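Heads up: the sequence shown is residues 1 to 790, going by the UniProt record's numbering. Read through the structure below, which is laid out as structure tokens, and then see the notes.
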Amino acid sequence: MSAAQRRRVRGGHAAPAARRGLAPVAGAAATVAGALAWLALRDPHGPVPPGYAAGLAATAVAAFACHRIGSMIVLPRPVRSFWKRLSHTAMALFLASATAIWEMPDTHQRGMPPLVAAPLLVAVALAVMGFLQLPRVATSALRRTQLALDGATVAMAGALIFWFGVLDLAPAGIARSTQVGAALVGVGGLLALVVIGKAASSHDSLVPIPSLRTIAVAPLIAVIAAAVQVVGDDASRLMLLALGMPTVGTMLSVAAYLQLRGLDRPAPPPGRARCVLSSVLRVMPLVAVAGTAILVITVSARQLNWHQRALVTGAVLIVACVAARQLLGLRERARLLSGVRAKQAELEHLAMHDPLTGLANRARFSAVLAERLDAHLPASVLLIDLDDFKMVNETLGHAVGDQLLYEVAQRLLCDSAPGFVPARLGGDEFALLLDVDTPDAAEQAAARIVAALAVPFRVGEHHLLAHASVGVAPAEPGERADEVLRNADIAMYAAKDAGKASWARFEPRMRAEVVNHARLGSELHNALVRRELYLLYQPVYDIVTGQLAGVEALVRWEHPQRGNVPPGDFIGVAERSGLIVPMGSWVLRTACRQLSRWQAEYGGAAIARINVNVAARQLREASFVDEVTAVLRDTGLQPGNLVLEVTESSVLDGPHVRETLEALHELGVRLALDDFGTGQSSLSLLRAVPVDVLKLDKSFVDGICEGADRGRLAVAAAVAQLAEYLQLSAVAEGIESADQMNRLREMGYRLGQGFHLGRPLPADEVGAIMARSVPADGTLDGTAGVVRVA
Numbered sequence: 001m002s003a004a005q006r007r008r009v010r011g012g013h014a015a016p017a018a019r020r021g022l023a024p025v026a027g028a029a030a031t032v033a034g035a036l037a038w039l040a041l042r043d044p045h046g047p048v049p050p051g052y053a054a055g056l057a058a059t060a061v062a063a064f065a066c067h068r069i070g071s072m073i074v075l076p077r078p079v080r081s082f083w084k085r086l087s088h089t090a091m092a093l094f095l096a097s098a099t100a101i102w103e104m105p106d107t108h109q110r111g112m113p114p115l116v117a118a119p120l121l122v123a124v125a126l127a128v129m130g131f132l133q134l135p136r137v138a139t140s141a142l143r144r145t146q147l148a149l150d151g152a153t154v155a156m157a158g159a160l161i162f163w164f165g166v167l168d169l170a171p172a173g174i175a176r177s178t179q180v181g182a183a184l185v186g187v188g189g190l191l192a193l194v195v196i197g198k199a200a201s202s203h204d205s206l207v208p209i210p211s212l213r214t215i216a217v218a219p220l221i222a223v224i225a226a227a228v229q230v231v232g233d234d235a236s237r238l239m240l241l242a243l244g245m246p247t248v249g250t251m252l253s254v255a256a257y258l259q260l261r262g263l264d265r266p267a268p269p270p271g272r273a274r275c276v277l278s279s280v281l282r283v284m285p286l287v288a289v290a291g292t293a294i295l296v297i298t299v300s301a302r303q304l305n306w307h308q309r310a311l312v313t314g315a316v317l318i319v320a321c322v323a324a325r326q327l328l329g330l331r332e333r334a335r336l337l338s339g340v341r342a343k344q345a346e347l348e349h350l351a352m353h354d355p356l357t358g359l360a361n362r363a364r365f366s367a368v369l370a371e372r373l374d375a376h377l378p379a380s381v382l383l384i385d386l387d388d389f390k391m392v393n394e395t396l397g398h399a400v401g402d403q404l405l406y407e408v409a410q411r412l413l414c415d416s417a418p419g420f421v422p423a424r425l426g427g428d429e430f431a432l433l434l435d436v437d438t439p440d441a442a443e444q445a446a447a448r449i450v451a452a453l454a455v456p457f458r459v460g461e462h463h464l465l466a467h468a469s470v471g472v473a474p475a476e477p478g479e480r481a482d483e484v485l486r487n488a489d490i491a492m493y494a495a496k497d498a499g500k501a502s503w504a505r506f507e508p509r510m511r512a513e514v515v516n517h518a519r520l521g522s523e524l525h526n527a528l529v530r531r532e533l534y535l536l537y538q539p540v541y542d543i544v545t546g547q548l549a550g551v552e553a554l555v556r557w558e559h560p561q562r563g564n565v566p567p568g569d570f571i572g573v574a575e576r577s578g579l580i581v582p583m584g585s586w587v588l589r590t591a592c593r594q595l596s597r598w599q600a601e602y603g604g605a606a607i608a609r610i611n612v613n614v615a616a617r618q619l620r621e622a623s624f625v626d627e628v629t630a631v632l633r634d635t636g637l638q639p640g641n642l643v644l645e646v647t648e649s650s651v652l653d654g655p656h657v658r659e660t661l662e663a664l665h666e667l668g669v670r671l672a673l674d675d676f677g678t679g680q681s682s683l684s685l686l687r688a689v690p691v692d693v694l695k696l697d698k699s700f701v702d703g704i705c706e707g708a709d710r711g712r713l714a715v716a717a718a719v720a721q722l723a724e725y726l727q728l729s730a731v732a733e734g735i736e737s738a739d740q741m742n743r744l745r746e747m748g749y750r751l752g753q754g755f756h757l758g759r760p761l762p763a764d765e766v767g768a769i770m771a772r773s774v775p776a777d778g779t780l781d782g783t784a785g786v787v788r789v790a
């Protein structure tokens, strides 16, 4: 289906489907108006056949309307088959109107000639077949048996009432064939009403209840027509001949329009209208029994003596009592069933909706998305992930976090256009299903969501920001729901990597990157086994004395095919895959073992401390403190020889991480807060975490000499003063020039690292630096960078 076709099928565009469906309704209604005008203006002695023209036009329009609904691929196959059957029904009615022109040329003709009754019976049979094809009408042996018994009861009762009631009132001289034709049409109409009742009793019928109510008018007119054609006078038969078929055609056209309108509106829950219609049609067998009983009593009163009448009356009363008892049982059953269905609807709602926000959950969202894709309707998915939401939970508590999630959901609801489906997929992850078929429209919606969530939320006494990263994934032809969601997830992570609080649209290359990351993760696992990883050590210098104060252990990977893999490519893969835990353990043990060797080889000339980076995933491991203790014991190092570097985001990862850091600090291990100053709560972390070292982020070192950015200069100076006040060590990272080093020294920094002082070096080259003594003039050896500190 093309994009233009999808726009025409779907509501909310320039030419909604429901508006176009009004044309057949208007045409059929015009035939009814024409019939009324003909009745009002005709010559009482004029010919009757012109009055059939309205019926011909109305049934032709109805056939077109029903056939068009039956050809719409957006509808389920059983519904399409049903409307095609009704289209054939309308064509049979058209044939009946045509034959009536010759078979019933005037109002003196009573009953229904066989050539008129035959197409009417075919129309009834086609309609009944269409209803039987609908789901849950006659899908099981029990349902088919119940339907057959109900139909047989109503048919036999209708035949008896027609034979002994209607035909007894008919004037003499009516041909037997026309009487039989009228009786068969009337009984067929009753059967059709029974089947419609079964369809209406299904609480999840695919045909809207207004359509069923409208279609029920057609068999009702057939029953009335059968009786009027036999016992009615000339005026009533003329009115029925002129208005009966146009009314039936109009009702079929209206029913088709109501089905079409349902495409633009969500299906309403089963309401009172469905219950009333299904209840009335469901008790038709009992009504038929009651009518038969009255007929038996009436006939016996005329033809039997009083002994026989008493026997018949008693038997009828017994049947009536049993029928009344059954009616009460049906009422109680309906009441209980209504309660069960209400509870079932409640459970289904809970199963498909998020209890905190009331939005659709992942299961409901996936189901709606799959339905749209199966129907070839346009769909785009926005995957929304709140940035740094854990900080709210950890600093303000889960109650405030839950309230913030609720407020975010309400804002998504308010900012969603009609036809959009918002959902909470879990945690702080939301989604929005858009019924748009252009990437530009989806991107505009994503931009609106990012802007809307950037406005602060008031949660109790707090004003909170809930920036979000949004992934945009327009559905492509042939894609499954899980594929679209996966694409949106990939795009969302791309938005996070781009700096958060933004959106990104999925592109095929992103999937290739994910596949490459997965392949890289597998190769990284093999690298741990094959020992392809190695460590380099970046020197940390005392920028006042020029002495080597320590090193930072940095992991590197020499891939046999890819060559030297940049750390930025595989560290993230290791964190997402969980390989950061075994890799971090290897780095920790290898670095500590190397420091132990240096101290054994160089004695007092060896460095006293080594820095090792630790990921949040490692800190969440319950055995991490024990692991550090074992490494220190095995290598013979003191806890103070080890400096573990953690990032601000790691510290905010949860209370267990903080407990781990406190245990390490009590053990005597020094803790360094890496990239200090870049987070939103750097100062508050100093109160929550036992930190020994502050490492000023490189972004504040860049440009401090030029003075162009006074803000960065102020932060760099403030960190040095803060460290001095709190009696912490301050390390400046990323020193790339002598001017930067001198300026940082003037600010109060004593320790620094960077390419100017020394690039990451193999262990033997670091050992060579330790082996050399520092010259008296204070000039550092060229291996560490040519820097004059004196």
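All C-beta atoms in this analysis are idealised placements derived from N, C-alpha and C, irrespective of residue type, glycine included. In this text, all values refer to a predicted model and were calculated from it rather than measured experimentally.
For A473, the three-state secondary structure derived from DSSP is strand. Taking 4 residues as the minimum length, the alpha helix (DSSP H) runs contained wholly in the stretch 669 to 751 are 682 to 688, 698 to 701, 710 to 725 and 738 to 747, in order along the chain.
For the pair V230 and A182, the CB atoms are nearer than the 8 Å cut-off. When the five nearest sequence neighbours on each side are left out, the beta carbons in the same chain lying within less than 7 Å of the beta carbon of M251 are those of T214, I215, V217 and A218, in order along the chain. Check the Cα spacing between A574 and each of P44, A527 and I196: the tightest is with A527.
Annotated as distal: L713 and I735, with beta-carbon spacing of 8 Å or more.
Around the C-beta of T178, 16 or more other C-beta atoms lie within 10 Å, and the residue is accordingly described as buried. Note that the stretch 509 to 522 does not touch the stretch 736 to 748; fewer than 3 beta-carbon pairs, one per stretch, sit closer than 8 Å. For R424, the closest C-alpha among the options V614, Y406 and A417 is that of Y406. For S87, the uninterrupted alpha helix (DSSP H) run begins and ends at R77 to E103, by DSSP. Residue range I580 to Y602 is occupied by the alpha helix (DSSP H) that includes S585. With respect to I384, A323 sits apart: the two C-beta atoms are not nearer than 8 Å. Judged by DSSP in its simplified three-state form, N613 adopts strand. Apart from the 5 residues on each side of it in sequence, L95 sits with its Cβ closer than 6 Å to the Cβ of P119 in its chain, given in chain order. Apart from sequence neighbours up to five positions away, no residue of its chain approaches A608 with a beta-carbon distance below 6 Å. Looking at the backbone, the Cα of I294 and that of A310 are separated by about 14 Å. Taking all protein chains shown into account, N564 has fewer than 16 neighbouring C-beta atoms within 10 Å of its C-beta and is therefore exposed. Counted as a single uninterrupted DSSP element, the stretch harbouring R531 is not any beta strand (DSSP E), since DSSP gives it neither H nor E.
Nearest to G55 by alpha-carbon distance, out of G70, I69, R77 and A30, is A30. Partner residues in the beta bridge of T647, as assigned by DSSP, are D674. Shown here, L190 sits in a helix according to DSSP, grouped into three states.
P539 and E552 have their C-alpha atoms roughly 7 Å apart. Under the DSSP assignment, F457 falls in the beta strand (DSSP E) whose first and last residues are F457 to V459.
Taking a 10 Å sphere around the C-beta of A454, we find fewer than 16 other C-beta atoms and assign the residue as exposed. Secondary structure note for D385: its beta strand (DSSP E) is the uninterrupted segment S380 to L386.
By the Cβ-count criterion, P24 is buried, with 16 or more other Cβ atoms from all chains shown falling within 10 Å of its own Cβ.
Residues of the same chain with a CB within less than 7 Å of the CB of V248, apart from the 5 flanking positions on each side, are L93, A218 and I221 in chain order.
With contacts defined by Cβ atoms closer than 8 Å, V154 and L190 form a contacting pair.
Residue environment for W503: buried (at least 16 other C-beta atoms within 10 angstroms of its C-beta). With the rule of 3 Cβ pairs closer than 8 Å, the stretch 474 to 488 counts as touching the stretch 371 to 386. Per DSSP, E558 is not a residue of any alpha helix (DSSP H); the beta strand (DSSP E) it occupies stretches across L548 to H559.
Counting along the chain, the unbroken beta strand (DSSP E) around R424 starts and ends at V421 to G426. If you draw a straight line from the Cα of I571 to the Cα of I543, it comes to about 30 Å. In the structure shown, L413 adopts helical secondary structure according to DSSP, grouped into three states.
Taken through DSSP and simplified to helix, strand or coil, F430 comes out as strand. In this model, D626 and A342 are separated by some 56 Å (Cα to Cα).
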